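Notes to accompany the following structure.
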Amino acid sequence: VGYPTRDEEKEVLLRMSAGRDITVERILDPAEILVARARIAELYMDQKVVDYIVDLVRATRDPASVGLGELKPLIAFGGSPRASIALAQAARAHAYLRGRAYVVPEDVRALAPDVLRHRIVLTFEAEAEDVTTDDVVTRVLGALRVP
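Take any residue in the sequence shown, count from 1 to its spot, add 199: that is its number in our numbering.
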């Protein structure tokens, strides 16, 4: 079976998106979103949680530092400092959405796979061994002591 023509593909797309009635209800206005964003940025994050985030991301660059030297040949590039920033921001938002004014390690653990998944580049060896970035993050999370 080959690929459809351009027109056939367009028809498939239109059929899949047509006929679905959706109702969009506004729940926040832009000002409320900005207020929430400011509150999220102010949430308390203990130094131990900050260290946990930094150690987690650094371990994707140097897995031997947490006793996972066997992962080194599987990781071409680990998370950058921007990954640490993104994980901290996501953890704050997670805490806020759960009604807390502070971040706990579980906020970090809950979002680490989603935040780091596209920030870790694996080697061809990892691909050959069916190792995914989620596998790497899970292993690193398991190796780190939770504060």
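Glycine included, every Cβ here is placed at the ideal spot set by N, Cα and C. Computed from a predicted structure; not experimentally measured.
Do the CB positions of Thr259 and Val336 come within less than 9 Å of each other? yes
Per DSSP, Ile274 is paired with what? Leu321
Exposed unless 16 or more other CB atoms sit within 10 angstroms - verdict on Leu273: buried
At which residues does the alpha helix (DSSP H) containing Glu207 begin and terminate? 205 to 216
Answer yes or no: do Thr332 and His317 have a C-beta to C-beta separation smaller than 9 Å? yes
Would you call Asp329 buried or exposed, if buried means 16 or more other Cβ atoms sit within 10 Å of its Cβ? exposed
If you follow the alpha helix (DSSP H) that Ile284 is in, where does it begin and where does it stop? 280 to 296
What's the C-alpha gap between Val265 and Ala300? 30 Å
Between the alpha carbons of Pro280 and Asp261, how many angstroms are there, rounded? 13 Å
As a quick exercise: from Arg344, Glu207, Ala237, Ser216, pick the residue whose alpha carbon is nearest that of Val307. Arg344
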